[in-house]
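For the sequence shown, this note's numbering begins at 271 and goes up steadily by one.
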Amino acid sequence: MKNVDIKIAPSILSADFANMASDIISLENSGADIIHCDVMDGVFVPNITFGIKMISDIRKVTSLPLDCHLMIVEPEKYVEAFAKAGADFITVHYEACKDNLADVLKLIKSFGVKCGAVINPNTKASVLDDVLPLCDMVLVMSVYPGFGGQSFIAETLDNVKYLRAKIDQIDKDILLEIDGGINNDTVKLAKEAGANVIVSGNTIFKAESRAHAVLSLKNA
Ligand code: DX5
Ligand code: ZN
Numbered sequence: 271m272k273n274v275d276i277k278i279a280p281s282i283l284s285a286d287f288a289n290m291a292s293d294i295i296s297l298e299n300s301g302a303d304i305i306h307c308d309v310m311d312g313v314f315v316p317n318i319t320f321g322i323k324m325i326s327d328i329r330k331v332t333s334l335p336l337d338c339h340l341m342i343v344e345p346e347k348y349v350e351a352f353a354k355a356g357a358d359f360i361t362v363h364y365e366a367c368k369d370n371l372a373d374v375l376k377l378i379k380s381f382g383v384k385c386g387a388v389i390n391p392n393t394k395a396s397v398l399d400d401v402l403p404l405c406d407m408v409l410v411m412s413v414y415p416g417f418g419g420q421s422f423i424a425e426t427l428d429n430v431k432y433l434r435a436k437i438d439q440i441d442k443d444i445l446l447e448i449d450g451g452i453n454n455d456t457v458k459l460a461k462e463a464g465a466n467v468i469v470s471g472n473t474i475f476k477a478e479s480r481a482h483a484v485l486s487l488k489n490a
């Protein structure tokens, strides 16, 4: 594998929502590279988290890039609002957009925000072949979206490997992110497969030292 710069993106799904600012500051002090914000609507996934106001409030307390993972139906309706709230990346699910995906990615870019496509564990990565050149990031789900603390699905590494090979053929710096069930063991598999942005919720939030957990994931 190429010697790539690994970025760690803690997922605030595992944060204390009543103390979000202090959790964000603690992640920043722990060496996090990106803040991964899981937006869920209770329709696309069977859970509800937070929305646009949370992103604009988080924007006031950190200068780290905000990576907004939209697990919502009809994401095109909300892209502008998330962009104005201060998102640096907006990723949308293939399964929520289907034939519309290229247009939604272009819409995200039109607001000056980096765009990304996400695939669920049971979606073949080849569905992204046509849109890959439009993406700044692709996100491979290694669990079914909706909840933190689930077990890593090893078969999803095939999607990571497929996309790594495709990205390496394109003359553009496209981040390859993996999300779900990442711990000090599974992170090694994810990196070997070619992921370079590592999302982690429980492993970081349940650690005695968040700084140590971030460093371990980075160096594993
Ligand atoms: C799942 C979310 C993930 C999740 C990861 O729907 O997209 O970002 O919070 O949490 P862990 O690392 O605990 O699996
Ligand atoms: Zn996520």
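Idealized CB from N, CA, C, for every residue including glycine.
Endpoints, beta strand (DSSP E) assigned at Leu445: Per DSSP, the unbroken beta strand (DSSP E) holding Leu445 starts and ends at Leu445 to Asp449.
Whole alpha helix (DSSP H) elements within the stretch 408 to 484, 4-residue minimum: 427 to 439, 456 to 463 and 472 to 475
Near the ligand DX5: Ser470 beta-carbon under 7 Å from a heavy atom: yes
The ligand DX5 heavy atom lying under 7 Å from the CB of Val216: What is shown of the chain runs 271 to 490, which leaves residue 216 out entirely.
Where the beta strand (DSSP E) containing Lys384 begins and where it ends: Per DSSP, the unbroken beta strand (DSSP E) holding Lys384 starts and ends at Lys384 to Ile389.
Any non-hydrogen atom of the ligand DX5 within 7 Å of Thr473 CB: yes
Sub-8 Å separation of Leu402 and Val410 beta-carbons: no
Nearest to Leu398 (by Cα), restricted to the options Lys368, Leu427, Lys379 and Ile328: Lys368
Alpha helix (DSSP H) runs contained entirely in the stretch 289 to 336, provided each spans 4 or more residues: 290 to 299 and 322 to 329
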